[in-house]
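If you count by my numbering, then the sequence shown holds residues 1431 to 1791, one letter each, in order.
Below is one structure, written out as structure tokens; the observations come after it.
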Amino acid sequence: MNRKWVVLFLVILIFQTTASFAADSIPLSVSNAAKSVVRITVNNSFGSENISGIVIDKDKKYVLTNLSDVEGAGSITVGSNGEENISVAGIIASSKEKNLAVMELKEELENVRDAKIKKDDIENGTNVYAVKYYSRDNIEEILQGTVNSKNMYTSSKGENCEIYQITANINLQNNGGALVDKSGNLVGINFYDGNTEQNKAITSNEIIGLLDEKDISYKKATILYFVLLIMAVIALIGAAVVLIYKRVIKKKFPYIVGVSGEFEGQKIPVGKENISIGRDAKYCQIVLINDDKASRCHCSIHYDKIKNMFVLTDLASTHGTYKSDGVKLEPKTPVYLGNGEMFKIGDGINVFRVCTGGDIV
1431 MNRKWVVLFL VILIFQTTAS FAADSIPLSV SNAAKSVVRI TVNNSFGSEN
1481 ISGIVIDKDK KYVLTNLSDV EGAGSITVGS NGEENISVAG IIASSKEKNL
1531 AVMELKEELE NVRDAKIKKD DIENGTNVYA VKYYSRDNIE EILQGTVNSK
1581 NMYTSSKGEN CEIYQITANI NLQNNGGALV DKSGNLVGIN FYDGNTEQNK
1631 AITSNEIIGL LDEKDISYKK ATILYFVLLI MAVIALIGAA VVLIYKRVIK
1681 KKFPYIVGVS GEFEGQKIPV GKENISIGRD AKYCQIVLIN DDKASRCHCS
1731 IHYDKIKNMF VLTDLASTHG TYKSDGVKLE PKTPVYLGNG EMFKIGDGIN
1781 VFRVCTGGDI V
């Protein structure tokens, strides 16, 4: 396949992939952010249930979730891969008003990452992703939606906090899980209160408020990932354009150029197949109409890629074919010409120079 079309295909593929990435698929940054969401198993007198939690500091073994789901529980375990069960040592920070709790685990979790919390508000209509804990029997851990509004939530339980109302479905399993933006930054914590008509998430501003108040360290959001992604896409596109320019537009072709005569100043590409020069348009590719010294099929020329030289052959012409040094070619005997050498048709005015490379568009 022609290199030009291969490179053009790659450029189109990059654009299509980028567009698909932006419009329909789950961004890689969101998939990576899902590694900060863990399963929390709450055991009480009514039995056990699984909800989600968010890793705030894996080294200190801190996990964030909704207070209403873990307060007063008989025992709580946390897992990151569907099999791991690490006991909770206790709740180290909480706010009934914000419905948030930070738990400390007895052991470190494996294969998790800290959430990166974004402080700034997000606008209505922004795409967000509700993430639940990993489970082998449910592949829909990430649900995409948009932000409808931001308002205050109050309840008879004493909750009074800022929430986002979103279109992504919030249920018992992703309750306590991460709400992230397209960059994978934590913008809220999913909140399910049994109301299936409204999908809610407590804003990251409330989370930051609690962590700052309790002097709990956390990772802040960064735009570095998307900056690097954009730079990588631009670099790929730029590299493809340069490749097209160098390999196609500015590719070096062997050619002959008219020094004088009917083809003066014209560049004619020469390949591995013979090009015939003469007066007969039926058999010749370079036709010399006004040269009475040229035979019907005067000579032929082709390019030997291996030797990087041109092969000129006189086709038993009447007036002969001459090299620039005046040597007449023997009929039907190939002669090699190097870059810059010239040859003449008979003793007439049609003179050509051979070139092993040149700018042919």
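Ideal Cβ positions, reconstructed from N, Cα and C, are used throughout, including at glycine.
Since the model is a prediction, treat every value here as computed from it, not as a measurement.
Handout entry: C-alpha gap between Gly1701 and Ser1461, whole angstroms
Key = Within the sequence shown, numbered from 1, the residue matching residue 1701 stands at position 271. Within the sequence shown, numbered from 1, the residue matching residue 1461 stands at position 31. One C-alpha to the other measures close to 52 Å.
Exercise for the section: Specify the secondary structure class of Val1700 as computed by DSSP and reduced to three states. Expected result: Here the question's residue 1700 lines up with position 270 in the sequence shown. Three-state DSSP puts Val1700 in coil, outside helix and strand.
Exercise for the section: Identify, in the order they occur along the chain, each residue of the same chain with its Cβ nearer than 7 Å to the Cβ of His1728, setting aside the five sequence neighbours on each side. Expected result: Within the sequence shown, residue 1728 is the residue found at index 298, counting from 1. Taken in chain order, the residues that qualify are Ile1707, Gly1708, Leu1745, Ser1747, Thr1751, Ile1775.
Problem - Assigned secondary structure, Ser1730 (DSSP; H/G/I helix, E/B strand, else coil) - result: Looking up residue 1730 in the sequence shown gives position 300. In this structure, Ser1730 counts as strand in the three-state DSSP scheme.
Practice task
Taking Leu1494 as the reference, give the member of Lys1528, Ser1478, Asn1474 with the closest Cα.
Solution key: Position 64 of the sequence shown holds residue 1494. Comparing Cα-Cα distances from Leu1494 to each of Lys1528, Ser1478, Asn1474, the minimum goes to Lys1528.
Handout entry: One or two residues paired with Cys1591 in a DSSP bridge
Key = As a position in the sequence shown, residue 1591 is number 161, starting the count at 1. BP columns for Cys1591 point to Tyr1583.
Practice task
Go ahead and pull the three-state DSSP assignment for Lys1546.
Solution key: On the sequence shown, position 116 is the one that residue 1546 refers to. Lys1546 falls in the strand class under three-state DSSP.
Exercise for the section: Return yes when the Cβ of Ile1521 is within less than 8 Å of the Cβ of Val1500, no when it is not. Expected result: Working through the sequence shown from its first residue, we reach residue 1500 at position 70. Working through the sequence shown from its first residue, we reach residue 1521 at position 91. Here Val1500 is near Ile1521, since their CB atoms are less than 8 Å apart.
Problem - Beta carbon of Lys1481 nearer than 8 Å to that of Gln1628 - result: Walking along the sequence shown from the start, residue 1481 turns up at place 51. Walking along the sequence shown from the start, residue 1628 turns up at place 198. Per the sequence shown, the amino acid found at residue 1481 is Ile instead of Lys. Annotated as distal: Ile1481 and Gln1628, with beta-carbon spacing of 8 Å or more.
Practice task
Taking 8 Å as the threshold, find out whether the region 1637 to 1644 comes into contact with the region 1593 to 1611 through three or more Cβ pairs.
Solution key: Inter-segment contact for the region 1637 to 1644 and the region 1593 to 1611 is absent: fewer than three beta-carbon pairs are separated by less than 8 Å.
Practice task
Express the C-alpha separation of Val1532 and Lys1490 in angstroms, rounding to a whole number.
Solution key: What you label residue 1490 is simply residue 60 of the sequence shown in a count that begins at 1. What you label residue 1532 is simply residue 102 of the sequence shown in a count that begins at 1. Spanning the two alpha carbons is a distance of roughly 11 Å.
Practice task
Assign Tyr1559 to one of two classes, buried (16 or more other C-beta atoms within 10 Å of its C-beta) or exposed (fewer than that).
Solution key: Against the sequence shown, residue 1559 aligns to sequence position 129. The residue in question, Tyr1559, is buried, as its Cβ has 16 or more Cβ neighbours within 10 Å.
Exercise for the section: Can you tell me the Cβ-Cβ gap for Lys1546 and Lys1650, rounded? I've got them flagged as a contact below 8 Å. Expected result: For this step, residue 1546 is matched to residue 116 along the sequence shown. For this step, residue 1650 is matched to residue 220 along the sequence shown. Taking the Cβ atoms as the reference, Lys1546 lies roughly 7 Å from Lys1650, within the contact range of under 8 Å.
Exercise for the section: Spatial neighbours of Gly1768 within its chain, please: CB distance less than 7 Å, with the 5 preceding and 5 following residues excluded, ordered by chain position. Expected result: Numbered from 1 along the sequence shown, position 338 holds the residue referred to as residue 1768. Short of 7 Å from the beta carbon of Gly1768, and not among the five residues preceding or following it, lie these beta carbons of its own chain, in chain order: Met1739.
Practice task
Could you check the C-alpha separation between Asn1578 and Tyr1563 for me, to the nearest Å?
Solution key: Position 148 of the sequence shown, counted from the first residue, corresponds to residue 1578. Position 133 of the sequence shown, counted from the first residue, corresponds to residue 1563. Cα atoms of Asn1578 and Tyr1563: separation of roughly 24 Å, rounded to the nearest angstrom.
Exercise for the section: Below 8 Å on the Cβ atoms is my guess for Ala1662 versus Ala1463; work out the distance and round it to an integer in Å. Expected result: Working through the sequence shown from its first residue, we reach residue 1662 at position 232. Working through the sequence shown from its first residue, we reach residue 1463 at position 33. Contact doesn't hold; Cβ gap of about 19 Å is too wide.
Practice task
Could you give the DSSP three-state label for Asp1651: helix, strand or coil?
Solution key: To locate residue 1651, count along the sequence shown from 1; it is residue 221. The amino acid occupying residue 1651 in the given sequence is Ala; Asp does not appear at that position. Secondary structure of Ala1651 (DSSP, three-state): coil.
Handout entry: Cβ-based neighbour list, Arg1469, same chain, cut-off 6 Å, excluding 5 preceding and 5 following
Key = The residue labelled residue 1469 in the question sits at position 39 within the sequence shown. Within its own chain, the residues whose Cβ lies closer than 6 Å to the Cβ of Arg1469, once the five positions on either side in sequence are excluded, are Asn1480, Gly1509, Tyr1563, listed in chain order.
Exercise for the section: Note down the Cα distance separating Glu1592 from Asn1635, rounded to an integer number of angstroms. Expected result: Position 162 of the sequence shown, counted from the start, is the residue given in the question as residue 1592. Position 205 of the sequence shown, counted from the start, is the residue given in the question as residue 1635. Cα-Cα distance, rounded: 8 Å.
Handout entry: With 16 other Cβ atoms within 10 Å as the buried cut-off, status of Ile1516
Key = Here residue 1516 refers to the residue found at position 86 when the sequence shown is read from its first residue. Classification of Ile1516: buried, given that the 10 Å Cβ count is 16 or more.
Handout entry: Ordered list of beta strand (DSSP E) runs contained in the region 1594 to 1647, each at least 3 residues
Key = Runs of the beta strand (DSSP E) lying entirely within the region 1594 to 1647 and spanning at least 3 residues, in chain order: 1608 to 1610, 1616 to 1621, 1629 to 1633.
Exercise for the section: Would you give the residue range spanned by the beta strand (DSSP E) that Leu1759 belongs to? Expected result: Here residue 1759 refers to the residue found at position 329 when the sequence shown is read from its first residue. Looking at the DSSP string, Leu1759 is not in any beta strand (DSSP E), and its letter there is neither H nor E.
Problem - Of the residues Tyr1583, Ala1670, Asp1755, Val1467, the one placed nearest Leu1616, counting alpha carbons only - result: The residue you call residue 1616 lines up with position 186 of the sequence shown. Ranking Tyr1583, Ala1670, Asp1755, Val1467 by Cα distance to Leu1616 puts Val1467 first.
Exercise for the section: Go ahead and pull the three-state DSSP assignment for Gly1668. Expected result: Residue mapping note: residue 1668 aligns to position 238 of the sequence shown, counting from 1. Helix, per DSSP.
Handout entry: Under the three-state DSSP convention, the category Ser1524 falls into
Key = Taking the first residue of the sequence shown as position 1, residue 1524 is located at position 94. Reduced to three states, the DSSP call for Ser1524 is strand.
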